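These protein sequence lines are chains P, B and U, in that order. 1 is the number of the first residue of the first sequence in this note's numbering; add one for each residue after it. 1001 is the number of the first residue of the second sequence in this note's numbering; add one for each residue after it. 2001 is the number of the first residue of the third sequence in this note's numbering; add one for each residue after it.
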Amino acid sequence: MARLLRPETVSQALRLLADGEVGTKLVAGGTAVMLMMRAGLLFPERLVALEHVADLDYVEVEPDAVRLGALTRLRDLERSVPLASALPTLARAIGFVANHRVRNRATIGGCLSEADYASDPPAVLASLGARVRLRSVRGEREVPVTDFLVGYYETVLEHDELLTEVVIPRPGPRVRTTYLKYVSRSAEDRPCVGVAAYVDADESGRTEEVRVAVGAATANPFMLGDVAQMLGGGPLDAGACRAVGEAYERAIEPIGDVRGSSDYRRKVTGRLVARALETTALSGHGNGAFRL
Amino acid sequence: MSGTLDDSGAADSRAGDSRAAVPVAVGAAVGQSIDVLQARSRVDGTVEFALNAEVPGMTHARLLRSPYAHARIVSMDVSAAERLPGVVSVLTAADFDRPGAPHRYHGPVVRDQPVVCGRRVRFAGDPVAAVAAESEEIATAALDRIEVVYEELPRVTTVEEAMADGAPLVHDRPPEVRDHGYADVRLAGVGGNVCTKFQLRKGDVDAALAGSDVVVDRTYHTPAVQHVTMEPHVVLATYDRRACALSVLSSTQGPFAVRDALCEMFRLPSSSVRVVVPPLGGGYGAKTYAKFEPVAAALSWKAGRPVKLVLPRDEDFLSLTKHAATIRMRTGATFEGRLVARDVQIFFNGGAYADISPRLIKNGGYSCVGPYDIPHVRIDSYALYTNLPPAGAYRGYGVSQAAWAYEQQMDELADVLGIDPVELRRRNLLVKGEAYATGEIMDEAHWEALLDKAAAAVDWSPDSRRGTGPSGRLRGKGVAVILKSTVTPSTTHAAVRLDADGTMQVFSSAVEMGQGAHTVLAQLAADAAGIPVANVHVTAPDTQYTPYDQTTSSSRTTRAMGGAVTKAARVVRDRVRRLASELLEADPDDLVVSGGTVFVAGVPSRNLSVAEVCYRTRTGSISGDGDVVTSGGLDPETGQGVASDHWHEGAASAEVEIDPATGKVYVTNLYVAAYAGRVVNPKLARLQMHGSALFGMSHALYEELVFDNGVLTNPNLSEYSIVSMGDMPRHLEVELLEEPGEAGIHGLGETGLPPVIAALGNAVASATGARVRQLPMTPERVLQAMEARGATEERDALRGLEER
Amino acid sequence: MTEGGKITVSCVLNGAKTDLCGEAAQPASEALRREGLFGVRETCSLGVCGTCTVLLDGEPVSACILPFYALEGSEVRTVEGLESGGRLSALQQQFIESQAFQCSFCTPGFLLSAAALLDSTEGALTDEQVEEGLQGHLCRCGCYETVKEAVRAVAARRHGQDAGRGAR
């Protein structure tokens, strides 16, 4: 039977983590932890419930960055007017996670710390160049989301560290972003493939920066680093979108499961990368998230 | 006042004719969308599901299940589990060797399923031990303390593997048939892994195929899927050692099937086994015969305490499946589009135990003809044992597998012939008075009307079958028509009791599982007795008190139980008329009972209330009973005879859009129609159709149990996908074809399901020009079919077709 | 209160101050059923199907994956708490009239999410709004059409609007 500890401040929580007791598990909303416990995958001896930890529930929109407190519930993020206006694609994509009951409990910090490969926010955050702030009694560090996630349900979090904040650089006014969530079965299914695109292009269509992150197909969001270079600064026309898609199709090594085989996911990745870029750059529908 | 006038003479004269429906008495209730009985409990959380049941001294059970699909049990040690504090009893096969122990095997047709396995396990999930403990947590903990050593055996999981030469045998010995099995089931073709075979022979198929202008030869596949009732299987069993009596509360669709199974197993008379059935949180066939009642009862017998078993969801997935099937079908036709011959081999994957496969594969077999007039037919239908969870009854009962094949084949044939698919069907549909392939005459035939309605619902025209949407999505339309039998022969009894205050009890063993059975029975009883429906109460099945009924299945309850209740209520009404005749100084035949009042026909002012009649004649209560018994059966060599007391007729049409990049199918328009004869409660009837439509859509697009080395890999609602609100078609329309006059009631529980799957298949093929012959039509399979077609487009478009 | 073994949580359960005892990390659904609230029913035990939905401070959550301790200090409403003074809510009544259920095992979840949706919106609702609000609720009997009809009818009626206006 797990013992329950309920710190009320971040430092209390960090001290509890620092005492090194084995079998300690942090719980935020509890949706993932409860699933794992009920499945017999987790037998914590000590639960550190973060619900009452103060000051980690916020959306702060600053000139250069948007800061999300780790204990902000997904439901509050999807409904946040400041977030929707600063980062509309992210706000919408967060609203695609699981269902409203889960989002009423789950937090953005818990979502990232769980590192579920088939969750929607990681790919979008990766494409936005987001970072996470990790704190412990030893100090704190900031890590890009792409480095934070390192495997299936695996992160670089040390046992004494707590993810306290997500920091997302604010895109410039030219930037357009898109998220496509593709489910291959019923509308309630987890994604087969998710594609987040970020395009920074000038008025002539010349691309400055292009990022594409593919979620749900690999352990962590899959990105090719040199998309803009691949385009040689040229315009992102239909042919270029297809070419990027093909590059992703060649490079990705997706999982296979009941939602689609590895080959299928590879093919769909290529096509949806192209579509996400077209949607972002060409359709005038930029800055949105769409369910397919 | 609407009259209940009066059909009693007709009813009596037709009572001996088993194929005639009992004419419906139509008064104030029948045909009305009244609210369901006990509606309040449905929306305030207080329905007494079996899940809520508790009795003093109750223990909680869990089952230990085999991790292997096929293995020998080398040894088993339960001592550590027995020592765990809070564990009351651990049941293993060894307990059944004790003197006076119950039988260890059960099964509705063939006694081949062990309550707990002894020397061998036959599917991954086969129970090897059962634990009763003071709490579910303790029972669960005890499972980990049971040590079982297995030695894996070679397995067969597909019908192809099961049929192969030298295949490992799932059962070594021929199955033991139950003494009182089912009159219509005669095991044939048994041997190897063949559990049973059904065959139908009509005409000279080989000659007719040879003489056909075109022959289409294709093989179709459907996967195993699960019922996913929202409420799992729940059993609360109490074995009373002193009285040698067994009492069981169960979420079953077949109270008497369960009672009879337990009577045989414990060698007890019917009077000593009581089965009570509360409302079910969904059935769909999953709960049709004895399932977990035997193990819960045996555990209670050993423990000497009541035992409650609630299956966790992952185990519910292993309880029963819809048969996976492989259907090879050849159909010959003339250039003019007349069907000439059909040759079918249909293989049903029955899993490890027979369950009701022997009967189901018969229905699935003869149904392969479809609602068509085909002169020459040969059908071989097999139930195969494999090392998978047992397959059995499932909404549609073998027909959705058959219809998936024959309605796809009709479109394929239409394409070869260059005839519009709707037109091709029209040229071959059975009409009233024609014989089905079994030789029985179709007394009713409404397929043409249903087909026309289905086609109209999607604005069908030969050149509008396919198109492209504004966003590049491929659009297509499809239609399908089907026939479905009902279980024949069958037996249903009912009783009613009118009390002196004018209220009535209906004693019926029909199970209320959401279909509204009790509500429509109350409506029928009210009008037949001539009292307000508000005065009717319908009892829950209790084998100690309510009369025998075969099962609540096969879309039969409204017609069969409704007929029995109608007859029983008429007996009561006639008695009321006789009692009232002296008081009202009129001949009983001149009296009308309606709305709880007896009056002289044509002189409504000369009346008495039913309660007044009872009071003045010192009548305490009036009882009546009624029955509906149907007969039939097919010759085991030829499949000729009477397959079904009456036939269900259905049609569907669909419009889909397909994303060419992903292959995903979006259903934009879905229409389902069924012949209903007479609708008792329109809003409940329509919901049955909605349910069938959505089940069909879910099977067509999403559902599939995936096995890896015989182990189910997706036994939960995250990995197993069912249709949700977000998948609803933009337009969903259902229609019930009624007939004025004395039309009999036709059940609606299943009719809409098979045509929906097939119509969606045809719509996908229209949209893409490529046919997916394997369900579900996942985006991946659609894309593969499109690519395969693209690769071979320039080659022979009739590949796989023989043309003469 | 937080030391090993069982804990006691204080909450307002269906309007009444209540102390509940249980294990910290046990599913709240089990604790609520133990209180005789049998309208809380588990089907998937994964937070997927919505059958065990309860309102926690007015917002729908899946009780099967809600840790027991999270009930502390909150207002909890189950389907048993939707009626008032022994009278069904307009939504419950409309579910009966629209026949928005068959077996009704899943109905409490639909009712609670629909109640939350109606509380958080004004005026008539479109089909899309209802679908969004009831996303994540599975009904195997297939009553989605009549559920939508029922919720939209209540939404329309509360502002005296025609139920058909939001139809697509």
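Glycine residues also receive a C-beta, built at the ideal position from the N, C-alpha and C atoms. Nothing here was measured: the structure is a model prediction, and the numbers come from that model.
- Within the model, the alpha-carbon separation for Cys1195 (chain B) versus Gly194 (chain P) is close to 46 Å.
- Setting aside the 5 residues that flank it on each side, Ala28 (chain P) is surrounded in the same chain by Leu50, Leu71, Thr107, Gly109 and Gly110, each with a C-beta closer than 7 Å to its C-beta; the list follows chain order.
- Put simply, of P:Gly139, P:Leu134 and P:Val22 the residue whose alpha carbon is nearest the alpha carbon of Leu56 (chain P) is P:Leu134.
- Of all residues in the region 259-279 of chain P, only Gly260, Ser261, Tyr264, Lys267, Val268, Arg271, Leu272 and Arg275 come within less than 8 Å of chain B when Cβ atoms are compared, listed by chain position.
- The contact set of Leu47 (chain P) on chain U, defined by CB atoms closer than 9 Å, consists of Ala2024, Ala2025, Pro2067 and Tyr2069 in chain order.
- Taking the beta carbon of Ile2007 (chain U) as reference, the chain P residues within 8 Å of it are Leu4, listed in sequence order.
- Residue pairing by DSSP places Ile1622 (chain B) opposite B:Leu1498 in a beta bridge.
- Counted as a single uninterrupted DSSP element, the alpha helix (DSSP H) harbouring Ala238 (chain P) occupies residues Ala238 to Ala251.
- With fewer than 16 other Cβ atoms from the protein chains shown falling within 10 Å of its own Cβ, Leu41 (chain P) counts as exposed.
- No Cβ-Cβ contact shorter than 8 Å links Lys1477 (chain B) with Glu1735 (chain B).
- The C-alpha of Phe2095 (chain U) lies about 22 Å from the C-alpha of Val1538 (chain B).
- With 16 or more neighbouring CB atoms inside 10 Å of its own CB, Thr89 (chain P) falls in the buried class.
- Taking the C-beta atoms as reference points, Ala1129 (chain B) is found no nearer than 8 Å to Val1074 (chain B).
- With fewer than 16 other Cβ atoms from the protein chains shown falling within 10 Å of its own Cβ, Met1 (chain P) counts as exposed.
- With contacts defined as CB atoms closer than 8 Å, Val1043 (chain B) and Leu2111 (chain U) qualify as a contacting pair.
- Of the residues assessed, Val1603 (chain B) falls on the exposed side of the cut-off, its CB having fewer than 16 other CB atoms within 10 angstroms.
- Fully contained in the region 188-229 of chain P are the following beta strand (DSSP E) runs of length 3 or more, in chain order: 193-201 and 207-215.
- Straight across, the Cα-Cα distance linking Ile1379 (chain B) with Cys1368 (chain B) is about 8 Å.
- For secondary structure counted as the beta strand (DSSP E) over 3 or more consecutive residues, the region 1254-1296 of chain B holds these complete runs in sequence order: 1273-1276.
- When the five nearest sequence neighbours on each side are left out, the beta carbons in the same chain lying within less than 7 Å of the beta carbon of Arg1259 (chain B) are those of Ser1270, Val1273, Val1275 and Thr1543, in order along the chain.
- The beta carbons of Leu1430 (chain B) and Tyr1397 (chain B) sit no closer together than 8 Å.
- The Cβ neighbour count for Ala289 (chain P), taken over all protein chains shown within 10 Å, is at least 16; the residue is labelled buried.
- Look at the beta carbons and you see the region 1456-1474 of chain B touching the region 1761-1768 of chain B: at least three pairs across the two are nearer than 8 Å.
- When rounded, the separation of the alpha-carbon atoms in Thr1288 (chain B) and Ile1356 (chain B) is 9 Å.
- Comparing alpha-carbon positions, the option among B:Ala1788, B:Ser1554 and B:Gly1691 lying closest to Cys2143 (chain U) turns out to be B:Gly1691.
- Under the three-state reduction of DSSP output, Val1600 (chain B) falls in the strand class.
- Scanning B:Val1399, B:Gly1351 and B:Val1592 for the CA closest to the CA of Ile1327 (chain B) turns up B:Val1399.
- Distance from the Cα of Glu1231 (chain B) is smallest, within the candidate group U:Ala2025, U:Glu2042 and U:Lys2006, for U:Glu2042.
- For Thr31 (chain P), the chain U residues whose Cβ falls inside 7 Å of its Cβ are Gly2047 and Ile2065, in order along the chain.
- For Cys2011 (chain U), there is no enclosing alpha helix (DSSP H); the residue is part of the beta strand (DSSP E) that begins and ends at Lys2006 to Leu2013.
- Taking 8 Å as the CB threshold, Asn1052 (chain B) lines the interface with chain U.
- Residue environment: Lys1432 (chain B) is assigned as exposed (fewer than 16 neighbouring CB atoms within 10 Å of its CB, all protein chains considered).
- Ser2045 (chain U) and Arg1313 (chain B) do touch by the CB rule: their CB atoms are close to 6 Å apart, below 8 Å.
- Uninterrupted alpha helix (DSSP H) stretches at least 4 residues long and entirely within the region 110-174 of chain P occur at 121-127 and 145-148, given in chain order.
- Take the alpha-carbon of Met1410 (chain B) and the one of Pro121 (chain P): they are about 47 Å apart.
- Put simply, the backbone Cα of Leu1694 (chain B) is about 25 Å away from that of Gln1032 (chain B).
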